[in-house]
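The sequence shown maps to residues 1 to 284 in the UniProt record's numbering. Glycine included, every Cβ here is placed at the ideal spot set by N, Cα and C. Notes follow the structure.
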Amino acid sequence: MKIIKVINNNVVSALDKDAEEVVIMGKGIGFHAKPGQIVNEEQIEKTFRLEDKKSAGQFARLVERLPVEYLKLSDQIITYAKNNIGLKLHQSIYLTLTDHISFAIERYKKGMQFDNPLKVEVKTFYPIEFGVGKYAIRKVREKLDVELNEDEAASVALHIVNAEYDTGVRNTMNITCLIRDVVNIVSEYLNIELQEESLHYARFITHLKFLGQRIFTGQMLGDDDNGFGKVIAGMYPVEYACSEKIAHYIKMRYDHEITDEETAYLAVHIRRIQPEKELEEDSH
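Encoded structure:
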């Protein structure tokens, strides 16, 4: 690989064999190096390869203005999420998470307290990703002696979720709000307290995540003509009415129409998450 630019003694940007820009980290890899030189392969500790030229250029410019410790910290958090938790993340996470960590530390140094309005929802709907967020703030404290709060852990978690689904931060936040509001609608409409630790509840939340993803990326399920919606409406009239209320909310709040098939699937999940109905379903 050929060096394009020396960022600092330990980081350079280079062109790989396919002429794609990469950022390379390694102890002393940039020391006395010059553009045009071939990278010493033995010094490479980590190669950051983003999937498009724009992101690669943005990442190189970001790394250029940040302490190398931020990059190492970000890489450690991402490696933990991938290897220890088993998450599959889009390469853009290197750019977004490193930038976020930098911004969070800058806020801390200025004495600015950050309150994340979605912290409760993130902890509830994305417990695994929130665990990565807590790991992140612990590492920031250990490595940089910076004490970030759980609100920042929730923000890190949202970046992780975004990288899992590749939907964009704004869509990730919209999906989180959608899940919260739908859960509230179900709980109020049926006048029940949902069992958050149950398997059917977890499946319901997963269904809502993918429903939200389809809504905000414009990839809704098509309506079929096999009468599935009518069958479900006949079997579960109360739950179907609840799902119609949810469909109306989505239309009014986000200006998105969900299909009869989507409405029917929602009704099935709503049936299963009710404590007494859950026992009935599991007995069959």
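query                                                                                                                               : result
With three or more C-beta pairs closer than 8 Å as the rule, is the stretch 92-99 touching the stretch 119-127?                     : no
Can you tell me which residues form a DSSP beta bridge with V6?                                                                     : V12
Which residue marks the beginning of the alpha helix (DSSP H) containing T47, and which one marks its end?                          : It is not in any alpha helix (DSSP H) - T47 instead sits in the beta strand (DSSP E) that spans K46 to F48.
When you compare only the Cα positions, how much space is there between I205 and R65?                                               : 40 Å
Answer yes or no: do V182 and L208 have a C-beta to C-beta separation smaller than 8 Å?                                             : yes
In the DSSP assignment, find the unbroken beta strand (DSSP E) run with V122 in it and report its ends.                             : It is not in any beta strand (DSSP E) - V122 instead sits in the alpha helix (DSSP H) that spans K119 to F125.
Less than 8 Å between the C-beta atoms of D115 and D151, yes or no?                                                                 : yes
Is the separation between the beta-carbon of R180 and that of H269 shorter than 8 Å?                                                : no
What residues in its chain sit with their C-beta under 7 Å from that of L266, if we drop five residues either side in the sequence? : S243 and I246
Within 10 Å of its beta-carbon, does D282 have 16 or more other beta-carbons around it, so buried, or fewer, so exposed?            : Caution is warranted here: a pLDDT of 49 is assigned to D282, below 50, making its placement in the model unreliable, and the coordinate value is therefore given only provisionally. By the 10 Å Cβ count, D282 comes out exposed.
Can you give me the C-alpha to C-alpha distance between R61 and N8, rounded to a whole angstrom?                                    : 12 Å
Please report how far the alpha carbon of V146 lies from the alpha carbon of R138, in whole angstroms.                              : 9 Å
So what does DSSP say about D18, is it helix, strand or coil?                                                                       : coil
Where does I24 fall in DSSP's three states?                                                                                         : strand
Taking the alpha-carbon positions, what's the L178 to G57 distance?                                                                 : 34 Å
With DSSP as the reference, label I38 as helix, strand or coil.                                                                     : strand
Can you tell which of V23, K134 and V161 has its C-alpha closest to the C-alpha of K5?                                              : V23
So the alpha helix (DSSP H) Q58 belongs to, where does it begin and stop?                                                           : K53 to R65
Suppose you measure from the CA of M252 to the CA of L144; what does that come to, to the nearest Å?                                : 46 Å
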